[in-house]
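K.L.:
Which chain is which? The protein sequence lines are A and B, in order.
Our numbering puts the first residue of the first sequence at 29, with every later residue one more than the last.
Our numbering puts the first residue of the second sequence at 179, with every later residue one more than the last.
Ideal Cβ placement from N, Cα and C applies to all residues, glycine included.
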Amino acid sequence: MNTPLMHYLVWPLVKFLIAFIIVQVLVAAMNWIERRLLGLFQARLGPNRVGYKGLLQIIADPVKFLLKEDIVPASAEKVAYFLGPILPLIPAFIVFCLIPFGPPPTFTVTRVNVGLLLILALTSTGVYGIILGGWASNNKYSLMGGLRSAAQMVSYEVPFGLSIVGVLMICGSLDLVTIVRYQETNAWNFLPQIVACFIFLVAMNAENNRTPFDLPEAESELVAGYHTEYSAMKFAFFMLAEFSMMIVNSCLMVTLFFGGWTLGMFGIGLTTDVLRHMGMFGGILGTLIFVTKVMLFMLIYVWFRATFPRFRFDQLMDLGWKWMIPLALGNIFVTAIFILAGQERLMYWIGIVSIGLAAMYLFKPKPKRAAAPGKVAHAS
Amino acid sequence: MDAIASNAPLVVFIVIGTIAVAASFLVVMMRNPVHSALFLLLTFLCVAVLFVIKAAEFVAAVQVLVYAGGIMVLFLFVVMLINVRHLPDEKMTTSYTLGGIGVGVAIFVLFFAVVRTGAYHDEAPNAAKKLTTVREQVLTQHPTDPNKLVRKWRAKDNRNAEAIGMALYRDYLVPFEVASLFLLVAMIGAIVIGKRELSALEEETAPDYMLERVETEKEVKDLVNAN
Numbered sequence: 029m030n031t032p033l034m035h036y037l038v039w040p041l042v043k044f045l046i047a048f049i050i051v052q053v054l055v056a057a058m059n060w061i062e063r064r065l066l067g068l069f070q071a072r073l074g075p076n077r078v079g080y081k082g083l084l085q086i087i088a089d090p091v092k093f094l095l096k097e098d099i100v101p102a103s104a105e106k107v108a109y110f111l112g113p114i115l116p117l118i119p120a121f122i123v124f125c126l127i128p129f130g131p132p133p134t135f136t137v138t139r140v141n142v143g144l145l146l147i148l149a150l151t152s153t154g155v156y157g158i159i160l161g162g163w164a165s166n167n168k169y170s171l172m173g174g175l176r177s178a179a180q181m182v183s184y185e186v187p188f189g190l191s192i193v194g195v196l197m198i199c200g201s202l203d204l205v206t207i208v209r210y211q212e213t214n215a216w217n218f219l220p221q222i223v224a225c226f227i228f229l230v231a232m233n234a235e236n237n238r239t240p241f242d243l244p245e246a247e248s249e250l251v252a253g254y255h256t257e258y259s260a261m262k263f264a265f266f267m268l269a270e271f272s273m274m275i276v277n278s279c280l281m282v283t284l285f286f287g288g289w290t291l292g293m294f295g296i297g298l299t300t301d302v303l304r305h306m307g308m309f310g311g312i313l314g315t316l317i318f319v320t321k322v323m324l325f326m327l328i329y330v331w332f333r334a335t336f337p338r339f340r341f342d343q344l345m346d347l348g349w350k351w352m353i354p355l356a357l358g359n360i361f362v363t364a365i366f367i368l369a370g371q372e373r374l375m376y377w378i379g380i381v382s383i384g385l386a387a388m389y390l391f392k393p394k395p396k397r398a399a400a401p402g403k404v405a406h407a408s
Numbered sequence: 179m180d181a182i183a184s185n186a187p188l189v190v191f192i193v194i195g196t197i198a199v200a201a202s203f204l205v206v207m208m209r210n211p212v213h214s215a216l217f218l219l220l221t222f223l224c225v226a227v228l229f230v231i232k233a234a235e236f237v238a239a240v241q242v243l244v245y246a247g248g249i250m251v252l253f254l255f256v257v258m259l260i261n262v263r264h265l266p267d268e269k270m271t272t273s274y275t276l277g278g279i280g281v282g283v284a285i286f287v288l289f290f291a292v293v294r295t296g297a298y299h300d301e302a303p304n305a306a307k308k309l310t311t312v313r314e315q316v317l318t319q320h321p322t323d324p325n326k327l328v329r330k331w332r333a334k335d336n337r338n339a340e341a342i343g344m345a346l347y348r349d350y351l352v353p354f355e356v357a358s359l360f361l362l363v364a365m366i367g368a369i370v371i372g373k374r375e376l377s378a379l380e381e382e383t384a385p386d387y388m389l390e391r392v393e394t395e396k397e398v399k400d401l402v403n404a405n
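(1) If we call anything under 8 Å between Cβ atoms a contact, is A/Leu-243 one with A/Arg-176?
(2) In angstroms, rounded to a whole number, what distance separates the CA positions of A/Ala-47 and A/Leu-268?
(3) Quick check: is the beta carbon of B/Ala-246 nearer than 8 Å to any beta carbon in chain A?
(4) Whole angstroms are fine: how far does the CA of A/Phe-325 sit from the CA of A/Val-193?
(5) Please return the same chain residues whose Cβ sits closer than 8 Å to the Cβ of A/Gly-189, not counting the five positions on each side in sequence.
(6) Compare the Cα-Cα distances from A/Leu-146 to each of B/Val-293, B/Leu-223, B/Val-256 and report the closest residue.
(7) Shortest alpha-carbon distance to A/Val-230 belongs to which of A/Glu-257, A/Val-195, A/Tyr-184?
(8) Give me the Cα-Cα distance between A/Thr-290 and A/Phe-318, rounded to the nearest whole angstrom.
(9) Check the Cβ-Cβ distances between B/Glu-397 and every residue of chain E, and say whether any is below 8 Å.
(10) So is A/Ala-246 buried or exposed if we call it buried at 16+ other beta carbons inside 10 Å?
(11) If you draw a straight line from the C-alpha of A/Leu-160 to the C-alpha of A/Leu-144, how long is it?
(12) Judging by CA-CA distance, which residue of A/Gly-82, A/Leu-54, A/Phe-228 is the nearest neighbour of A/Gly-67?
(13) For the segment 77-96 of chain A against the segment 130-137 of chain A, do three or more pairs of beta-carbon atoms, one drawn from each stretch, fall closer than 8 Å, so that the two count as touching?
(14) Any beta carbon from chain A within less than 8 Å of B/Leu-254's own beta carbon?
(15) Please look up how many angstroms separate the CB atoms of A/Glu-270 and A/Asn-237, rounded, as I've assumed it's under 8 Å.
(16) Is A/Leu-291 helix, strand or coil by DSSP?
(17) Hey, is A/Val-142's beta-carbon within less than 8 Å of any beta-carbon in chain B?
(18) Please work out which residues of its chain come closer than 6 Å, Cβ to Cβ, to A/Met-375, disregarding the five sequence neighbours upstream and downstream, and give them in chain order.
(19) Starting from A/Asn-59, trace the alpha helix (DSSP H) in both directions and tell me its first and last residue.
(20) When we look at the beta-carbon of A/His-255 and count the other beta-carbons within 10 Å, is it buried (16 or more) or exposed?
(21) Would you kindly check if the distance between the Cβ of A/Ala-120 and the Cβ of A/Ala-164 is under 8 Å?
(22) Between A/Ile-365 and chain B, is the shortest Cβ-Cβ distance under 8 Å, so that the two count as touching?
(23) Taking B/Phe-191 as the query, report the chain A residues whose CB atoms sit under 8 Å from its CB, ordered along the chain.
(24) Taking only beta-carbon atoms, is B/Glu-235 less than 8 Å away from chain A?
(25) Distance, Cα to Cα, B/Leu-346 vs A/Pro-90?
(26) Tell me the DSSP secondary structure of A/Pro-132 in three-state form.
(27) Anything in chain B within Cβ reach of A/Leu-303, meaning under 7 Å, just list it in chain order.
(28) With DSSP as the reference, label B/Leu-254 as helix, strand or coil.
(29) Taking the alpha helix (DSSP H) that A/Tyr-210 belongs to, which residues open and close that run?
(30) I need the DSSP call for A/Leu-298, collapsed to helix, strand or coil.
(31) Which word fits A/Tyr-210, buried or exposed, when buried means at least 16 other C-beta atoms lie within 10 angstroms of its C-beta?
(32) What does B/Val-240 touch in chain A if you count any residue whose Cβ is under 8 Å from its own?
(33) Going along chain A in order, which residues have a C-beta closer than 7 Å to the C-beta of B/Ala-339?
(34) Rounding to the nearest angstrom, what Cα-Cα distance links B/His-449 and A/Gly-157 in this structure?
(35) Check distances from the C-beta atoms of the segment 207-226 of chain B to those of chain A and list, in chain order, the residues that come in under 9 Å.
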């Protein structure tokens with residue numbers, strides 16, 4: 029074996045395979061976690077019959093999908109119908125090559141100096157599967173779902189991209205490793221870029237077609253939207269791609285705004301150098317920190333889903349074009365002014381003040397209700 | 179093995195270039211507009227790979243992001259909205275075919291002549307900024323210490339995105355802004371043309387689907403006025 033071959037092909041592939049397997053296990057687990065959490069949020073049990081607390085549901089569901097009959101509509105456009113579920117899987121898997129899971133070089137698969145841009149480019153092609161699947165099914169509801177998805181994805185890609193620009197301006201790099209290294213010596217980016225962080229959170233929910241933005245698959249209007257005509261493993265592929273993209277977006281969120289694999293700011297705490305001194309154990313610890321943060325954002329996805337009712341389509345477009353994009357542009361403008369003045373650190377106060385205000389609003393003492401009006405009315 | 183490794187860019191270029199050319203032929207040959215759009219997508223992706231071979235990974239990423247992620251999605255959106263399943267079974271060639279082929283050949287000869295003589299292998303004044311190719315990167319590797327190789331590689335291509343940023347926003351700022359203004363004007367023009375009401379003459383010549391839209395708009399307006 030010659031060295032360049034090992035260095036450029038074999039090791040990256042091995043690392044990618046490990047990352048891929050871990051992520052896919054997380055995806056499978058997410059299905060169970062989401063259903064259990066939704067049960068918790070909605071004061072019911074959720075799946076709890078198969079195995080301990082329903083844990084074997086993780087295996088039972090894929091087995092069910094594999095064994096179900098695979099129905100292809102007679103009037104479907106065959107090639108596009110088969111491509112539909114496969115196309116979104118490809119970018120959703122490739123992206124994991126580019127995400128730094130732990131301190132480099134051992135715990136990152138590759139390091140590309142335009143890594144962030146490449147991730148954005150790859151994830152933006154994920155919409156083709158939904159559009160094609162919706163169109164090829166030859167079903168009005170599917171087509172409506174596909175069209176809605178196309179409009180929604182294109183609209184929300186703009187604030188999604190613009191919210192990242194502020195981070196790029198502060199860190200001065202498109203390289204994800206450099207962005208994380210910047211955050212450990214300064215504050216994590218959610219402090220100076222709290223507005224961008226908020227926009228990113230909303231836009232990533234919209235990009236993944238999650239409730240409150242799940243109009244492409246709104247069951248009360250479109251049966252099941254773009255995957256109405258898909259059954260068995262093809263349907264499972266759509267779900268797999270969606271959950272993989274959720275993990276990708278959570279990884280991006282953690283890397284861009286919440287310090288990646290580090291657990292420290294201003295050079296204090298578990299920074300990359302500290303982790304490197306610990307050797308292999310430090311690397312694994314960094315990866316664990318990263319995965320924990322990612323799973324926290326996956327929980328926020330579920331929390332969103334359980335909390336917010338679905339938007340109407342015009343409301344969705346209004347929110348995207350009239351609120352998110354101007355807000356993101358304003359954020360870029362303000363960030364540029366602070367950078368020109370050389371006072372980036374003043375921006376931390378924006379984050380601290382906003383978080384303080386939000387906390388005050390959330391934890392303000394609630395006025396006590398004198399008596400339950402419903403009960404009185406019932407008694408009389 | 180070593181022969182393949184050292185000629186990797188050439189092999190990739192031949193394979194991907196062939197796919198790109200074949201796919202772009204299929205774009206015009208396909209009768210179903212959605213299939214055409216898909217082959218156009220394949221062409222865009224292949225061109226992005228060609229950019230990567232020339233170590234222009236920033237352009238490659240932007241190519242995928244803008245063309246594959248944005249413009250092609252809108253193309254597909256429009257094609258599906260009009261819902262053209264198949265073009266009518268008429269001849270795909272017209273009387274302009276010969277002229278078209280002539281122009282194509284002329285442009286090819288022109289490009290071939292320009293690229294052949296090395297007009298783009300510039301010995302430009304900013305030779306230091308000249309982007310390194312993949313081959314050069316592979317050849318700079320250290321035989322025993324793989325870490326050294328990685329660092330060298332990074333330092334070399336780190337300039338790429340920065341160089342484009344500097345060129346666009348410092349050296350050529352005014353042309354860049356003018357170009358974006360043109361795009362904005364074009365977009366506003368498209369919206370204005372799309373939104374206006376048709377004149378009597380245009381109503382006679384307009385295709386059916388446009389008239390249908392105008393009629394439904396009128397009906398909606400009447401309904402709103404009646405209420």
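P.N.:
For this structure:
(1) yes
(2) 16 Å
(3) yes
(4) 21 Å
(5) Leu-148
(6) B/Leu-223
(7) A/Tyr-184
(8) 8 Å
(9) In the structure shown, chain E cannot be found, because the protein chains are A and B.
(10) buried
(11) Each residue's alpha carbon lies about 26 Å from the other.
(12) When only C-alpha atoms are compared, the closest one is A/Gly-82.
(13) no
(14) yes
(15) 7 Å
(16) Secondary structure of A/Leu-291 (DSSP, three-state): strand.
(17) yes
(18) Excluding residues up to 5 positions away in sequence, Pro-220, Phe-366 lie with their Cβ nearer than 6 Å to the Cβ of A/Met-375 in the same chain.
(19) 39-69 is the extent of the alpha helix (DSSP H) around A/Asn-59.
(20) A/His-255 should be labelled buried.
(21) no
(22) By this cut-off, A/Ile-365 is not an interface position.
(23) Chain A residues near B/Phe-191: none, gap ~18 Å exceeds 8 Å.
(24) Among the CB atoms of chain A, one or more fall inside 8 Å of the CB of B/Glu-235.
(25) 50 Å
(26) coil
(27) Contact note: A/Leu-303 does not reach chain B at a C-beta cutoff of 7 Å; the least C-beta distance is about 18 Å.
(28) helix
(29) Looking at the DSSP string, the run of the alpha helix (DSSP H) that includes A/Tyr-210 is 204-213.
(30) strand
(31) buried
(32) Neighbours of B/Val-240 on chain A, chain order: Leu-145, Ala-149.
(33) Asn-141, Val-142, Leu-202
(34) Past the edges of chain B, shown from 179 to 405, lies residue 449 of chain B, and the structure says nothing about it.
(35) Listed by position along the chain: Asn-210, Val-212, His-213, Leu-216, Leu-219, Leu-223, Ala-226.
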